[in-house]
Every structure is written in C-alpha cells, then in structure tokens.
Amino acid sequence: MASDERAGGIVHRRNHDVLVVGGGIIGTSIAYYLSKRRIDVGVVEKGYLGSGCSGATAGLVGAAMRTPVNYALLAERSKELYAELSVNLGREIHYERCGMIWTFRTPATLKKGATVIQLNGAAGIDISHVDRAGVSDLEPHLSTDTILGAAFCPTDGRIDPFATLRGLAAQIRNQGGSLYFNTRVLRVEPGRRTVRLVTSGGVFEAPKLVIAAGIWSPLICQSMGIGLPLRPVRGQVLITQRMPRLFTHVISPAISQCWRGNIILGFSSEEVGYDNRNTFSALQSIAADIILKSPELRNARIIRSFSGLRPMPFDGYPLLDQLPGHRNIFVASTHSGIALGQAIGDYMAQWIAEDKKDRMLDDYSLRRPSLAETPRPYRAAGEEGYSIGRRGGARCVAP
Amino acid sequence: MPKSDETLVICRCEEVTKAEILEAIREGCRTLDEIKRMTRAGMGLCQGRTCSYLISQILQHEGVLSEGDATPMKVRFPLRPVTLEAIALGAENVTEWQAMNEREG
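Those sequence lines, one after another, are chains A and B. Letter by letter, the first sequence follows residues 301 to 699 in my numbering. Letter by letter, the second sequence follows residues 28 to 132 in my numbering.
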C-alpha cells in the first residue's frame with residue numbers, strides 16, 4: 301500500500317524490499333523500474349521530489365556528441381525508454397525529439413567535433429556535420445558569423461523534468477511503492493542480510509539499499525567510511541518569459557526553448573562546493589554570450605535565474621556499482637541524470653532485482669582507474685558580487 | 028464531481044486552476060515551492076506575486092498548514108523581469124566564458 305509519511309521522532313517504519321535514497325531523476329527512475337518488476341520499493345528523500353539538481357535543469361535528453369561510444373549508446377537507450385514513458389506513466393512528460401545542434405567556433409573544436417561525429421556515426425548514432433548555411437536553415441535566429449561548422453542530431457531533445465518526476469512518483473505509488481519526503485538519512489547501518497537506514501523520520505530496514513542522492517551520495521557513503529569520487533559542479537541558468545517560437549532545436553549548451561515558450565539560457569560550470577546561489581558574474585557572462593550568439597535576444601525579458609549543483613564524478617562518467625565490501629548496497633550518481641536516467645533506472649533495477657548486471661554498466665564501476673586521478677578543476681565564473689559599476693563589459697554588447 | 032470553485036484560476040500567469048493545486052496537495056505537496064514545481068503555479072511572469080497568498084490559503088484550508096505557516100516561494104534574481112541586455116552590461120569575461128563553453132560543450 302502506498303503511503304508518503306512525514307513524522308518526527310524515531311519510530312520503526314514500514315519495511316521494503318529495496319530502499320532508495322534520493323528522490324531525483326535517478327532515484328525515482330530506479331524505483332519506478334523496480335516497482336515495475338513488482339519489487340516493494342521505498343524512496344527516502346530529505347527534501348521534496350526533485351529538490352536537488354533534477355529540479356534545476358534544462359531537461360535535455362541527448363546522446364550524440366558523447367564519448368566514448370558506449371556512453372552515447374547508454375543515452376540512446378534512455379531515449380528509447382523516454383519514447384514509451386508518457387504512455388507507461390499515463391501522463392504527458394513533454395518528450396520532444398526536437399533535435400540538437402552543437403556549434404564549433406574555433407578550428408580546434410571543429411576538428412574535435414569532426415572526430416566525434418565520425419566515431420558516433422560509425423556506431424549508428426544519427427549525427428551529421430552541418431555547415432554554416434545549414435545552421436542558418438535549421439535556426440534562422442542564430443547568428444552564424446563566428447560559426448565554422450556544427451554537428452546535428454535530429455533525434456536528441458528534451459523533456460519536462462517536473463512532469464516526468466511527477467509521473468514517475470505517481471506510477472511508483474500505483475505499482476505499490478512508497479515515497480517518503482522530508483526524510484533525511486542520518487546514518488546507514490550496513491549488514492549482510494539487512495541494511496538499516498536511520499533517518500529523521502524513523503528507522504527503515506531492507507535487504508538492499510540504493511544510494512542515488514546526487515551530490516549528497518558522498519556524504520552518505522562517508523558515514524560508512526567509504527569515499528565516493530564525486531563533487532558538485534554548479535550550473536547557473538537564465539530563463540526568459542514565454543515567447544513566440546524562435547528556436548526549434550536545442551542549441552548546445554546554451555539555448556533551449558521549451559514547450560511552454562520560455563527560453564532556457566546557460567550554463568556555467570563552476571566548482572564552488574555546495575553553494576547553489578546565483579552570481580552576477582556568471583549571469584552577466586551568460587547574457588553577453590547569448591547576445592553574441594543570437595543578437596535579437598537582447599530584448600528578451602528574463603524572469604528568473606536558477607542554479608543547480610551537478611553531481612560530477614571525478615572522471616565525468618556515471619558511478620553505477622555496488623559499494624566495495626557491500627554486495628547489497630548500490631550507488632547510482634551522475635550528472636546528465638535527465639538524459640541517462642531511464643537507461644540507468646532500468647539497468648540498475650535489473651541488476652538489483654534479478655542479479656543480472658547488463659554489460660552497458662561495465663564502464664561505470666567504482667574501481668575504474670580514471671576515478672583515482674585528480675580531477676581537473678572547474679573554475680568559478682569570475683568573482684561574486686554586483687559588478688554593474690565596472691564598465692569593462694561594454695564592448696561585449698556592441699550592436 | 029469537482030466543486031464549483033475548482034475551475035477558479037489561481038495562477039493567472041500560467042493559468043493553473045484550484046483543481047490542479049488540490050491535486051498536487053493530494054499527491055503530497057506541502058509547500059509553495061513544491062506546488063510551484065508540480066503545477067507551474069508561480070513560474071510565470073509575476074513569479075508568484077499574485078498566486079502565492081492564494082495558494083497558502085488553499086494549503087491552510089486543506090489542513091496542511093496552520094495560518095501564517097506557509098514558507099514563501101524562494102526568490103531569485105531578477106526581482107522583476109529585465110532584458111538580457113541589461114544583465115549583460117558589466118560582463119567582463121565573455122571570451123573566457125566562451126572558451127569554457129567550447130571546452131565543456
């Protein structure tokens with residue numbers, strides 16, 4: 301029976317077959333595919349549905365331009381599952397295969413892009429090179445002055461992340477699972493047969509545990525004396541009011557006009573710890589960059605900024621594995637959760653429920669050597685603070 | 028059978044009705060920020076200025092909150108709509124920014 305519980309005091313809670321910590325796209329997707337396999341699943345979330353990075357995203361679902369090829373194919377699998385999801389959930393998730401464009405503005409990126417196009421194309425991904433005129437045809441409102449070339453994938457696109465999370469949560473309940481919000485994990489007590497989750501809302505027990513808590517996964521693992529090679533990388537975003545249709549495709553990384561008409565603009569990549577504030581420096585830079593790319597957007601009215609902390613593993617690739625020494629505790633955390641979420645959900649659910657680990661998960665072991673390397677740091681986007689008094693930026697908005 | 032006032036539009040900017048807000052509350056939403064995300068109420072031009080109080084009244088009426096307990100929706104820049112150009116004034120490091128975008132994609 302489904303129940304979402306909010307309670308103070310330490311009480312013994314209903315037991316489940318599998319507990320999932322994290323109510324974002326990864327946690328709810330895994331829980332959805334587990335409950336689809338008739339597993340009694342409980343999702344434990346310290347905030348509300350999508351209160352982490354999954355609620356601060358542009359909702360992009362893309363496979364092309366990912367390397368290596370297996371990583372792109374993982375995203376392709378996710379696209380396949382998204383295509384069925386509205387029907388399976390009985391809810392509209394606004395999955396649009398609107399297409400995605402990557403522009404190259406330097407000889408170096410053009411060359412690198414050509415290599416990726418060739419590698420991905422050879423693996424059957426629908427990606428092709430487009431020249432400057434072709435970009436103009438695809439997106440007349442993009443300025444092509446500085447574009448040397450571009451990559452185009454007609455089947456990449458986007459979802460509405462909130463509608464998707466809401467639909468997944470509802471179906472988890474329909475399929476007998478439960479979601480517990482405002483329930484923070486205080487500590488994990490591992491055990492060979494039973495894992496005990498001590499939370500702010502009581503004690504849960506289950507034979508198996510999944511840690512899908514995004515940037516909070518390392519802290520949960522730390523409580524078990526295990527280091528997880530993942531840190532937050534902030535992405536800041538601007539969003540316009542609803543506007544007449546200007547852009548059809550997603551223009552990576554930066555311009556996506558969603559189904560409602562708002563245009564999402566971004567993004568930064570900054571390593572600032574667990575700080576999800578917005579900064580003038582980053583927002584100004586985004587704004588100036590977008591105006592260069594599409595001058596007619598200069599008069600677009602911005603109604604909101606927001607900021608998400610991407611769960612970024614040290615080598616940039618998902619962490620999908622059992623914890624060392626704990627065959628019944630799994631971790632599933634990554635950036636690009638929206639894009640990869642359905643494939644991760646299904647493959648992890650299969651592994652957890654049926655003890656069958658798909659080969660697609662092989663590359664995402666916690667033991668891979670690339671995780672031991674020191675990650676290249678993402679710099680903060682300039683200094684924080686109100687910088688309108690400084691005039692150095694005037695040249696960036698020349699008409 | 029919906030009550031007669033459930034077709035009332037609570038969020039004028041995004042045209043969200045009372046029925047949709049009640050549905051979100053039934054699904055477990057307890058705060059303005061949650062209702063905003065699940066229904067889009069508060070995501071429009073006025074960013075919740077018109078509907079926040081109405082939604083908090085609905086939450087109280089449904090017994091979810093005591094009077095005055097509603098946490099306001101989180102406020103972020105800008106406080107009122109501003110043009111992209113107005114924000115861009117003062118941007119100093121666009122080339123560095125573009126280099127980062129090209130690198131990170």
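All residues carry an ideal CB built from backbone N, CA and C; glycine is no exception.
- In the DSSP assignment, A:H626 falls outside any alpha helix (DSSP H) and lies within the beta strand (DSSP E) extending over 626-633.
- The residues T98, in chain order, have a CB closer than 7 Å to that of B:T58 in the same chain once the five nearest residues on each side in sequence are set aside.
- Taken through DSSP and simplified to helix, strand or coil, A:P611 comes out as strand.
- At least one C-beta of chain B is nearer than 8 Å to the C-beta of A:L597.
- Counting only runs of 3+ residues, the beta strand (DSSP E) found wholly inside the segment 508-566 of chain A occupies 508-511, 530-542, 550-552, 555-557, 562-566, in chain order.
- Contact annotation: the segment 343-354 of chain A does not touch the segment 406-416 of chain A, with fewer than three C-beta pairs closer than 8 Å.
- For A:I564, there are no neighbours in chain B by C-beta distance under 8 Å, as the nearest C-beta there is about 12 Å away.
- Secondary-structure assignment with DSSP links A:Q622 through a beta bridge to A:F630.
- Per DSSP, reduced to three states, the secondary structure at A:M400 is strand.
- Among the residues of chain A, those whose CB is under 7 Å from the CB of B:M65 are F462, R466, following chain order.
- Proximity to B:R103 across A:L620, A:Q536, A:T674 peaks at A:Q536, based on C-alpha coordinates.
- With respect to B:A118, A:S607 sits apart: the two C-beta atoms are not nearer than 8 Å.
- Here the C-alpha atom of A:E396 lies approximately 32 Å from the C-alpha atom of B:A113.
- B:L111 has its alpha-carbon roughly 46 Å from the corresponding atom of A:D658.
- For chain B, none of the residues of the segment 414-429 of chain A brings a beta carbon within less than 7 Å of one of its beta carbons.
- Taking CB atoms only, B:I114 has a neighbour in chain A less than 8 Å away.
- At a C-beta separation below 7 Å, B:V43 has no neighbours in chain A, since its nearest C-beta there lies roughly 12 Å away.
- Inter-segment contact for the segment 373-382 of chain A and the segment 622-641 of chain A is present: three or more beta-carbon pairs are separated by less than 8 Å.
- A distance below 8 Å separates the beta carbons of A:D340 and A:G476.
- Rounded to whole angstroms, A:S500 and A:G573 show a C-alpha spacing of 24 Å.
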